[in-house]
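Single-structure report; data block below.
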Amino acid sequence: MIRLDCPCGKTYVVQDEYAGKRTKCPACQAALVVPTAPAAGADAGAGGKPSPPPWWFDDARQDPSRPAGATPPTPAGAANPAPAPAPAPASGSGTKPKSKSKSRVPVALGGIGLLAVGLAACWAAGLFPGSTEDGGPPPPVTGISSTPAPGGGGTAGASPRSPTIGAPPPAPSPSPGGLDRGPAVAAAGGQVEGSVEARLQLLVPAYFYPAGPGLVEWERLFEAASRVPIVAVANPASGVGERPDPEYVAIIDRAARSGVTVVGYVFTKYGQRPAAEVREEVDRWVDFYPGIRGIFLDAQANQAAFVDHYAALASHVRGAIDDALVVTNPGTTCDEGYADPRVSDVIVIYEGVSGFDRFQLPGWADRASGVRFAALPHQVDAPERMRDYLHLADRRGIDLVYVCGSGFDRLPEFWEDQVESVLRINRGEAP
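Be aware that the sequence shown starts at 1, since it is given in UniProt numbering, and climbs by one per residue.
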């Protein structure tokens with residue numbers, strides 16, 4: 001057994017299998033990390049301290065209540081606030097990086113001069129349409145996975161990218177499924193920074209309350225959205241909660257004006273949470289926060305048996321939210337059936353504290369059409385490592401990424417450096 005001490009004075013004894021996991025103190029909600037080795041003298045009855053129940057841990061995959069027969073991914077830390085369990089990471093499977101091809105929309109270089117004017121006129125006249133590998137239009141979001149539409153440009157060795165997800169007005173209208181085919185546009189003034197085309201975007205679990213210190217973190221998100229495209233996951237109460245929160249109503253409205261796409265957190269318990277319950281929570285998101293632009297379906301199952309279940313949930317989300325962005329989070333490699341735009345627009349294919357340097361997309365990734373991949377490496381404490389992970393994500397074919405520091409209750413100290421690094425990658429600049 002391992003003894004876990006909280007600064008608030010509470011002490012707990014936990015099982016050895018939770019070593020290295022991230023969790024929160026049930027008493028004060030402080031973020032804690034279970035030591036990697038048992039403390040001296042700690043055992044099941046040390047000091048009569050209580051052993052927390054399984055739901056207290058962020059890693060639901062270690063929960064003995066997990067249904068029999070479910071495939072257990074590699075255990076590690078998770079991304080969601082207690083008490084809701086969250087997905088564990090995996091180092092991924094397959095050794096072949098995906099070769100994705102998606103439609104790209106040219107972004108005219110801003111500036112003064114006849115050349116810029118001419119390019120803008122050509123673009124407006126539709127002389128530079130998106131195309132697919134065979135010269136046809138991009139595949140519809142209702143299509144079965146096949147060879148995706150290719151992009152263009154980028155640096156050598158980098159996978160092609162689709163344009164920005166969820167860019168706010170005055171960007172071009174998004175296509176069904178929330179996949180915006182426009183450039184990275186900042187809502188404030190509608191300005192594009194430089195000639196950025198969004199090869200890499202940020203997916204931020206914004207689990208900080210939008211008042212006091214947490215409001216400062218949201219302000220930092222809004223400021224960064226003028227430079228790089230950002231999707232933020234809102235999580236008022238391990239989900240939407242039982243009533244609307246005026247602070248969240250205000251912050252989601254501001255996000256829409258600032259260029260941050262906000263999606264609402266919904267826990268799905270690896271396919272075990274009743275579909276009617278999930279649908280009801282989605283409806284509450286829409287009722288409480290009409291400015292929400294999509295849903296983050298956390299704790300997605302990874303087995304083929306649940307594909308239809310998640311396809312039905314995605315259909316409900318899109319029926320409730322116009323041009324909804326559906327993000328699913330298995331946190332690890334999942335069955336290829338999930339890589340269908342009828343099921344998900346973005347799959348979080350990796351989440352964890354270790355193994356990202358060895359991560360590879362699964363072998364079926366190059367067949368995924370209309371679906372993007374995200375990664376959430378966390379507990380990263382050095383800016384240099386953060387930059388290495390961003391470039392690794394870009395090379396391995398990840399579309400959305402967020403390198404987390406000590407927890408999701410605040411942005412990392414290197415947040416501004418991370419934004420700058422993503423901007424440089426999108427510009428095709430050298431590391």
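The beta carbon of each residue, even a glycine, is placed where N, CA and C say it ideally should be.
C-beta atoms of residue i and residue j nearer than 8 Å
i      : j      : result
Gln379 : Pro330 : no
Pro341 : Gly370 : yes
Ile295 : Val260 : no
Leu313 : Val278 : yes
Gly239 : Val282 : no
Asp399 : Ala374 : yes
Val325 : Arg293 : Correcting the residue identity first, residue 325 is Leu in this sequence and not Val. A contact, by the Cβ cut-off of 8 Å.
Gly214 : Ile252 : no
Leu202 : Tyr389 : no
Gln360 : Arg396 : yes
Ile2   : Val33  : no
Ala237 : Ala206 : no
Leu200 : Ala31  : no
Thr332 : Asn302 : yes
Neighbour-count burial assignment, residue i, 16 or more Cβ in a 10 Å radius
i      : result
Ala339 : buried
Val204 : buried
Val262 : buried
Arg243 : exposed
Val346 : buried
Arg245 : Reading the sequence as shown, one finds Asp at residue 245 and not Arg. Buried: at least 16 other Cβ atoms inside 10 Å.
Asp287 : exposed
Ile425 : buried
Pro129 : Reliability fails at Pro129, whose pLDDT of 37 lies under 50, so the model's placement of it is uncertain and the value that follows must be treated cautiously. Pro129 comes out exposed.
Gly407 : buried
Val216 : exposed
Ala430 : exposed
Gly271 : buried
Thr36  : exposed
Glu413 : exposed
Pro212 : Reading the sequence as shown, one finds Gly at residue 212 and not Pro. Classification for Gly212: exposed.
Glu384 : exposed
Glu351 : buried
Pro274 : exposed
Ala382 : exposed
Arg257 : exposed
Arg410 : buried
Asp322 : exposed
Ala232 : buried
Arg227 : buried
Ala276 : exposed
Ala304 : exposed
Asp16  : exposed
Gly357 : The question names Gly, yet the displayed sequence has Asp at residue 357. Classification of Asp357: exposed, given that the 10 Å Cβ count is below 16.
Asp308 : exposed
Delimiting residues of the alpha helix (DSSP H) encompassing residue i
i      : result
Glu247 : 246-258
Asn302 : That residue, Asn302, is in no alpha helix (DSSP H); it is neither H nor E in DSSP.
Val278 : 275-288
Ile321 : From DSSP, Ile321 is part of no alpha helix (DSSP H); its letter is neither H nor E.
Ala224 : 213-224
Trp415 : 415-426
Simplified DSSP assignment, three categories, for residue i
i      : result
Phe267 : strand
Gly294 : strand
Gly241 : coil
Val346 : strand
Ala311 : helix
Gly429 : It should be noted that the sequence gives Glu, not Gly, for residue 429. In the structure shown, Glu429 sits in coil (DSSP, three-state: anything other than H, G, I, E or B).
Asp409 : coil
Phe356 : helix
Pro383 : helix
Arg227 : coil
Leu361 : coil
Ala393 : helix
Asp388 : helix
Endpoints, the beta strand (DSSP E) within which residue i is located
i      : result
Asp5   : 2-5
Asn329 : 325-329
Leu32  : 31-33
Cross-strand partners of residue i (DSSP beta bridge)
i      : result
Glu351 : Leu376
Leu400 : Gln201, Ala374
Ala206 : Ala234
Val262 : Ala232
Thr11  : Asp5
CB contact below 8 Å: residue i versus chain B
i      : result
Pro210 : Chain labels in this structure do not include chain B; a single protein chain is all it has.
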